[in-house]
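From first to last, the protein sequence lines stand for chains A and B. So in the working numbering, spot 205 of the first sequence is number 205, and the numbers just go up one at a time. So in the working numbering, spot 442 of the second sequence is number 442, and the numbers just go up one at a time. Heads up, the thing below is written out as structure tokens.
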Amino acid sequence: MSSTAPADPPAQADAPATLPPLDSPEVVEMHRRMRRRAGRGRRLTYVAAVLIAAWILLPIYFVFSMAFTTQETVRSYPKNVLPFIPFSADTMQFFLESEGVLRGLWNSIVVAVITLVLSTVISIPAGYAIARYLFRGRDLFRLSVLAVRAFPIVVLSIPLAVLFLRAGVFDSVYSLALMHTALALPTSILVISSVFASVPYELEEAGQVFGATPFQSFRYIVVPLVLPGIAASGLFSFVLSWNEVFAAAVLTIDNRTLPALVLTSLSYSPDAFQFAGSFFLMVPSIVFMFFIRRYLFNMWGQVSK
Amino acid sequence: MRVRAWRRHMVPYLLIAPAIVYLALFFAYPMYEGLVLAVYDEDAVLPVRAEPTLDSAEVAEIPQGGALLILDRQSQAMIDDDGATDLLTEQWFRVSGTGDTGAAVDGWVSEARIRVRSEDAAGNPLAGTVRPRLGQSADPLTDVHAEPNDRSGVVGRLEQRAPVEITEVAVLEVWFLVRPADDPGEAAGWAPSRYLQVFDDGERGRVHRGTAGEFTTAFIERMVDDRFFGPALRTTLLIMALLIPLQLVLALVMALVIHARIRLSSGFLYVFALPIGMSDLAVGILFFSIFTGNGLLNSVLDGLGIIDGPFAFLTAETTNWIIFAIVLAELWRATSIVMVILVAGLQAIPDETLEAAELFGAGYWQRVRHIMLPLLRPSIQVALILRTILAFQVFAVVIALSGGDVVTVLANESFRQYYDLRNDNVASAYALFILLLSIASAVFYLRSVRAESEVRPT
């Protein structure tokens with residue numbers, strides 16, 4: 001942006017007479033200086049971008065290569081960082097064949113899917129209400145949702161565990177999903193409301209003008225426009241549940257989800273197991289980030305408003 | 001028409017109702033319960049009664065754990081068994097046979113006085129004989145009671161070795177007449193065995209569990225006195241103090257890079273945002289793979305000839321390295337979210353403002369310093385609040401890198417109290433403490449920023 005901006009100042013038409021003409025030597029010199037500075041800044045920006053990308057990608061690359069190699073390589077020292085680590089499914093196979101892993105994976109999927117469905121179903125009406133209606137208590141509701149979102153998970157897990165224990169629904173993937181839904185709900189509501197807010201109400205009105213019922217205009221005009229955004233918010237809930245480890249470890253004993261399993265076996269599991277486990281924990285988030293790129297700022301940017 | 005207006009008025013409330021109900025049920029209520037758990041001891045005191053029955057009057061309350069003198073014991077019909085396993089029970093048999101006078105006797109005798117001679121297939125006693133009493137001075141006859149209780153009236157007496165039929169069995173709980181050991185002036189009262197622990201001599205014991213609640217600071221005191229509390233608090237604050245400034249700077253650089261709209265900008269944004277969705281446990285393991293003895297860092301340092309032989313970064317002797325690794329892992333993991341908030345803030349700054357500054361000869365750093373940073377203030381505030389609250393909850397990263405003992409943090413202590421020590425109350429006290437710290441820091445940021453903007457001339 002900074003390199004193109006000064007080339008054609010829009011103030012040209014009504015520039016005060018005191019400004020030197022645009023082709024005078026000092027103006028040309030100024031432009032040249034600015035462009036040079038901008039070019040240098042541009043190169044610096046690329047260097048910074050590449051360095052930061054390396055800082056983020058190299059650790060991921062390393063742990064992934066550890067997850068797909070032989071167990072001997074995982075134990076070996078020093079590792080040949082370049083030219084890279086031999087590829088093998090050995091570590092992965094060892095991980096998947098370890099006791100409880102497949103079950104943990106399945107539990108994680110079940111919990112995450114329930115969380116996705118439940119939080120989306122509850123958030124859609126709430127998000128729509130915030131986006132479309134002015135009602136007394138709207139700001140209070142929004143603020144409480146924001147406050148809930150910032151609350152520490154730790155604070156919620158322990159009393160919930162005690163309550164679930166009393167109610168006899170302890171150590172079940174379903175009660176864990178209820179907890180994860182409570183955690184995902186605030187973000188989900190805010191994201192979905194911002195997605196609805198991005199569809200002008202005039203479109204809905206136009207539909208009604210042409211004879212659609214409110215429900216029809218919602219169904220045929222709004223829904224197709226908001227569907228990708230709602231899918232992104234659902235993915236967010238899925239990943240939140242997939243990653244969540246504190247509550248999962250507190251609320252389950254036999255029905256461990258994957259992160260809870262990896263966490264509670266950290267002290268005695270071999271490195272190969274941990275690296276393969278971290279691969280499985282990371283994969284959904286990498287996919288997720290790809291699909292929600294467009295909604296990144298809907299999800300987190302809007303907090304500043 | 002009126003109905004319609006009413007309906008329109010109610011629509012938004014109906015739409016948000018499910019969310020409100022859900023959050024009340026699975027958020028507000030547990031929060032409240034957590035608060036209560038931290039300051040209220042459900043089993044604090046045991047009321048003792050004038051008679052060995054539940055409906056008799058309370059004569060005193062003895063705190064949980066209090067030492068007792070046991071003055072007497074008696075069996076009583078059992079209170080509903082609420083899953084208690086430590087009951088001292090006695091069985092009484094309803095027997096019928098011929099008494100010492102030759103008349104038929106039908107009544108209750110303690111199991112101690114009857115030897116069972118035959119049982120049915122399920123193990124229920126059917127018949128037996130009266131046990132003889134040893135010793136010359138002992139009464140050769142055995143009392144038969146009207147009720148399964150040795151204070152009830154005697155309906156007859158049986159000779160020793162007399163055969164009896166057993167028609168009914170009652171399980172009775174033993175009640176004890178107790179008095180606090182350290183306070184002989186206190187009134188004695190009756191309590192059922194399930195709440196007491198009786199020592200071997202049968203004369204002393206302690207209150208195992210109370211039945212009435214009481215507000216208490218005991219759990220908070222126990223948390224503060226815990227040997228891990230100090231280190232956990234210090235480490236949490238240290239990590240925060242090191243992490244947040246670094247994070248802010250790095251996030252600002254990342255945001256400026258994205259904001260510069262270079263080629264492949266959206267690709268860089270994807271890469272920069274990758275850690276946002278990452279599991280903290282996975283990131284902990286990621287950095288463990290780098291810092292562990294035969295990990296990436298040692299391999300690289302060794303390969304470059306900087307060290308010979310692996311250096312153990314993650315041991316009890318090198319806690320500073322562990323904290324460094326934790327800070328690095330958190331920097332890697334949680335900077336992206338700050339970046340997103342800052343990029344959103346930067347996007348809200350009109351291009352014209354920056355272009356005007358450029359036209360007036362402001363260099364890049366001057367634009368950052370005098371235009372972007374002041375306009376980013378609200379975004380930075382939000383990012384600071386978010387990051388501080390999240391920094392109080394660092395958990396899985398710490399466990400992955402330190403095992404949770406050498407270096408510990410508040411969230412880990414809450415987990416330890418719940419998971420290893422099975423102490424819900426102290427765990428809740430830790431959770432409450434984290435909550436208070438979070439609220440305090442949020443209020444601090446909000447106030448400090450507002451105060452500054454109020455004194456600034458407008």
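From the three backbone atoms N, C-alpha and C, an ideal C-beta is built for every residue, glycine too. All values derive from a computational prediction rather than experimental measurement.
### Task
May I have the straight-line CA-CA distance separating B/T142 from B/W108, to the nearest angstrom?
Residue 142 of chain B sits at position 142 when you count from the first residue of the second sequence. Residue 108 of chain B sits at position 108 when you count from the first residue of the second sequence. Computed Cα separation, rounded: 11 Å.
#### Entry: Beta-carbon proximity check, B/V144 vs B/G156, cutoff 8 Å
Residue numbering aside, residue 144 of chain B sits at position 144 when the second sequence is read from its first letter. Residue numbering aside, residue 156 of chain B sits at position 156 when the second sequence is read from its first letter. Contact flag set, yes.
### Within 9 Å of chain B by C-beta, residues of the stretch 103 to 114 of chain A in sequence order
none
### Query
When you compare only the Cα positions, how much space is there between A/L51 and B/A44?
In the first sequence, residue 51 of chain A corresponds to position 51, counting from 1. In the second sequence, residue 44 of chain B corresponds to position 44, counting from 1. If I take the Cα positions, the gap works out to 59 Å.
### Task
Would you mind sorting B/T53 into buried or exposed? The rule is 16 or more other CB atoms within 10 Å of its CB.
Locating residue 53 of chain B in the second sequence gives position 53, where the first residue counts as 1. That one is exposed.
#### Entry: Contact under 8 Å by Cβ, A/L57 with B/V271
Within the first sequence, residue 57 of chain A is the residue found at index 57, counting from 1. Within the second sequence, residue 271 of chain B is the residue found at index 271, counting from 1. Yes, these two residues count as a Cβ contact at 8 Å.
### Task
List the residues that DSSP assigns as beta-bridge partners of B/Y40.
Within the second sequence, residue 40 of chain B is the residue found at index 40, counting from 1. Partner(s): B/F215.
### Message
So for A/Q71, helix, strand or coil by DSSP?
### Response
Position 71 of the first sequence, counted from the first residue, corresponds to residue 71 of chain A. Three-state DSSP puts A/Q71 in a helix.
### Opposing strand residues paired with B/R467 [DSSP bridges]
Outside the shown range of chain B, which is 1 to 458, sits residue 467 of chain B, and nothing can be said about it.
#### Entry: Exposed unless 16 or more other CB atoms sit within 10 angstroms - verdict on B/D41
The sequence position of residue 41 of chain B within the second sequence is 41, counting from 1. So B/D41 ends up on the buried side.
### Query
Would DSSP call B/G403 helix, strand or coil?
To locate residue 403 of chain B, count along the second sequence from 1; it is residue 403. B/G403 falls in the coil class under three-state DSSP.
### Query
Between A/P83 and chain B, is there a C-beta pair that is closer than 8 Å?
Taking the first sequence and counting its residues from 1, the one referred to as residue 83 of chain A is at position 83. Note that A/P83 has pLDDT 48, beneath the 50 cutoff, so the model's placement of it is unreliable and the number below is only indicative. Answer no: the Cβ-Cβ gap between A/P83 and chain B never drops below 8 Å.
### Task
Name, in chain order, the residues that DSSP records as bridge partners for B/D183.
Taking the second sequence and counting its residues from 1, the one referred to as residue 183 of chain B is at position 183. DSSP lists no partner for B/D183.
#### Entry: For B/Q381, the three-state DSSP class (helix, strand or coil)
To locate residue 381 of chain B, count along the second sequence from 1; it is residue 381. Of the three classes helix, strand and coil, the one that applies to B/Q381 here is helix, per DSSP.
### Rounded Cβ spacing between A/F238 and A/L105 (contact assumed at less than 8 Å)
Counted from its first residue, the first sequence places residue 238 of chain A at position 238. Counted from its first residue, the first sequence places residue 105 of chain A at position 105. Not quite, the Cβ-Cβ distance comes to about 14 Å (not below 8 Å), so this is no contact.
### Message
Relative to the C-alpha of B/D283, which candidate in B/L68, B/A396, B/V426 has its C-alpha closest?
### Response
For the purposes of this step, residue 283 of chain B is identified with residue 283 of the second sequence, where counting begins at 1. Looking at the sequence shown, residue 283 of chain B is not Asp but Val. Among B/L68, B/A396, B/V426, the Cα nearest to that of B/V283 is on B/A396.
### Query
Between which two residues does the alpha helix (DSSP H) containing A/T264 stretch?
Position 264 of the first sequence, counting from 1, holds the residue named residue 264 of chain A. Residues 258 to 264.
### Query
Of the choices B/L328, B/E159, B/P148, whose alpha-carbon is the least far from that of B/R133?
Here the question's residue 133 of chain B lines up with position 133 in the second sequence. The residue with the shortest Cα to Cα distance from B/R133 is B/E159.
### Task
Can you give me the start and stop residues for the beta strand (DSSP E) that A/F215 sits inside?
Working through the first sequence from its first residue, we reach residue 215 of chain A at position 215. Taken as a continuous stretch (DSSP letters only), A/F215 belongs to no beta strand (DSSP E), being part of the alpha helix (DSSP H) at 214 to 217.
### Query
Using 8 Å as the threshold, is the stretch 297 to 310 of chain B in touch with the stretch 412 to 422 of chain B, meaning 3 or more CB pairs across them?
no
### Query
Could you check where the alpha helix (DSSP H) with B/E355 kicks off and where it finishes?
Within the second sequence, the letter at position 355 stands for residue 355 of chain B. Segment 351 to 359, the alpha helix (DSSP H) holding B/E355.
### Positions along the stretch 278 to 292 of chain B whose CB lies within less than 9 Å of some CB in chain A
M278, S279, D280, L281, A282, V283, G284, I285, L286, F287, F288, S289, I290, T292
### Message
Measuring straight from C-alpha to C-alpha, what distance separates B/D55 and B/A191?
### Response
Position 55 of the second sequence, counted from the start, is the residue given in the question as residue 55 of chain B. Position 191 of the second sequence, counted from the start, is the residue given in the question as residue 191 of chain B. B/D55 and B/A191: Cα-Cα distance of roughly 12 Å.
### Query
Along chain A, in chain order, which residues have C-beta atoms closer than 8 Å to that of B/Y22?
The residue you call residue 22 of chain B lines up with position 22 of the second sequence. Within chain A, the residues near B/Y22 are I122, T181, A182, L185.
### Query
Hey, A/F297 and B/V340 are a contact pair by Cβ (cut 8 Å); roughly how many whole angstroms apart?
Along the first sequence, read from residue 1 onward, the residue named residue 297 of chain A stands at position 297. Along the second sequence, read from residue 1 onward, the residue named residue 340 of chain B stands at position 340. Confirmed, Cβ separation roughly 7 Å.
### Task
Go ahead and label B/N124 buried or exposed: buried means 16 or more other beta carbons lie within 10 angstroms of its beta carbon, across all protein chains shown.
Taking the second sequence and counting its residues from 1, the one referred to as residue 124 of chain B is at position 124. With fewer than 16 Cβ atoms within 10 Å of its Cβ, B/N124 is classed as exposed.
### Query
How would you label B/G205, buried or exposed, when you count the other beta carbons within 10 angstroms and need 16 or more for buried?
Here residue 205 of chain B refers to the residue found at position 205 when the second sequence is read from its first residue. With 16 or more other Cβ atoms within 10 Å, it is buried.
### Message
Against chain A, with Cβ distances strictly below 8 Å, would B/A104 count as a contact?
### Response
Counted from its first residue, the second sequence places residue 104 of chain B at position 104. It does not: the Cβ of B/A104 has no partner Cβ on chain A nearer than 8 Å.
### Task
Give the secondary structure of B/D302 by DSSP, where H, G and I count as helix, E and B as strand, and everything else as coil.
Translated into positions along the second sequence, residue 302 of chain B becomes position 302. Three-state result, B/D302: helix.
### Task
Look at the alpha carbon of A/V169 and the alpha carbon of A/A249, and state the distance between them as a whole number of angstroms.
Your numbering for residue 169 of chain A matches position 169 in the first sequence. Your numbering for residue 249 of chain A matches position 249 in the first sequence. So the alpha carbons of these two residues sit roughly 15 Å apart.
#### Entry: Pick from A/S233, A/L203, A/I230 that is closest to A/Y220, judged by C-alpha positions
Reading the first sequence from its first residue, position 220 is the one you call residue 220 of chain A. Among A/S233, A/L203, A/I230, the Cα nearest to that of A/Y220 is on A/L203.
### Query
Skipping 5 residues on each side, what residues in its chain have a beta carbon closer than 7 Å to that of B/R387?
Position 387 of the second sequence, counted from the start, is the residue given in the question as residue 387 of chain B. The answer, listed in chain order, is I244, Q247, A334, V338.
### Query
With DSSP run on the structure shown, which of helix, strand or coil describes A/A54?
Working through the first sequence from its first residue, we reach residue 54 of chain A at position 54. Looking at A/A54 - three-state DSSP - the assignment turns out to be helix.
### Message
Determine, for B/W321, whether the minimum Cβ-Cβ distance to residues of chain A falls below 8 Å.
### Response
Residue mapping note: residue 321 of chain B aligns to position 321 of the second sequence, counting from 1. False, the Cβ-Cβ gap to chain A never drops below 8 Å.
### Message
At the level of alpha carbons, what is the spacing between A/P83 and A/S65?
### Response
For the purposes of this step, residue 83 of chain A is taken as residue 83 along the first sequence, with counting starting at 1. For the purposes of this step, residue 65 of chain A is taken as residue 65 along the first sequence, with counting starting at 1. Low per-residue confidence applies at A/P83: pLDDT is 48, beneath 50, and the placement is therefore not dependable, though the value from the model is reported in the following sentence. Between A/P83 and A/S65, the C-alpha separation is close to 12 Å.
### Query
Is there contact between the stretch 179 to 189 of chain A and the stretch 55 to 70 of chain B, where contact requires at least three CB pairs shorter than 8 Å?
no
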